[in-house]
C-alpha cells in the first residue's frame, strides 16, 4: 500500500516528480487516455467472463455432481465460499467486501497517473477480479455485504477458485514483476 500511496501522491504527468511538471503534451494525454481505455477494457472483459461463468455454474452445475475435465486433475465443482481465498476467514465476509471496495478505489485513483500499458493490463485484471467477487458479496445469499462467492474451478490437491480469483492473481503477479523491473504506472523506470 505504501508504494500505491507514493504513486498516487506524485504529479499527474510521467517523470520523476522531482520538480513541478508542465502541462502534459497532447500526445502524453492521449497516451494516458489509451492506457485508461486498456485498463477498463481488460477490467470489463475479466468481469464479464467471471459474471457469465458464475451465472452458468449456478444455473447448470450447482447441486449436481462435479464435471471431470482432465481426469482426476481438474474438475468443475460448484461451491459457495463465504471466506477469502482458499476458504479462510468465513466469519469476516463484510471485511473482505470492504477490502475489495478499497482496492477498486485505489485502482481508480491510480488510473489518473497511468502511462504504462503493462500497468494498465495488470490494474485492469485486478479491477475486473475485484468487481467480480464484490458483485457476489453484494448480491448473493445470505445478504448484502455477506454474500458467498461462487467458486467452481477445482484442480486436484488445490483450493477451488473462480475466474475473478484468477484475474486477481494474474494481475498481482504482473504488478510484482513490473515492480521488480522498476516500472511505475506513470511510465517512469527507477532503479531502487
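In our numbering, the protein residues as written are 25 to 216.
Don't be surprised by glycine CBs; every beta carbon is placed ideally from N, CA and C.
Along the length of the stretch 132 to 198, whole alpha helix (DSSP H) runs at least 4 residues long occupy 141 to 163, reported in chain order.
Two segments are said to touch when three or more pairs of C-beta atoms, one from each, lie closer than 8 angstroms; by this definition the stretch 146 to 161 touches the stretch 188 to 207.
Its chain contains 124 as the residues whose beta carbon lies nearer than 6 angstroms to that of residue 158, once the 5 sequence neighbours on both sides are disregarded; these appear in chain order.
The stretch 150 to 166 and the stretch 72 to 90 touch, with no fewer than 3 CB-CB distances between them shorter than 8 angstroms.
Only residues of its own chain outside the window of five on either side were considered, and among them 102 have a CB closer than 8 angstroms to the CB of residue 88, listed in chain order.
Closest in C-alpha terms to residue 167, from the list 91, 118, 55, 90, comes 118. Here the alpha carbons of residue 215 and residue 170 stand approximately 43 angstroms from one another. Counting the other Cβ atoms within 10 Å of the Cβ of residue 173 gives 16 or more, which makes it buried. Within its own chain, the residues whose Cβ lies closer than 7 angstroms to the Cβ of residue 127, once the five positions on either side in sequence are excluded, are 150, 154, listed in chain order.
Less than 8 angstroms separates the beta-carbon of residue 139 from that of residue 59. Sixteen is the threshold: when 16 or more other Cβ atoms of the shown chains lie within 10 Å of the Cβ of residue 185, as they do, the residue is buried.
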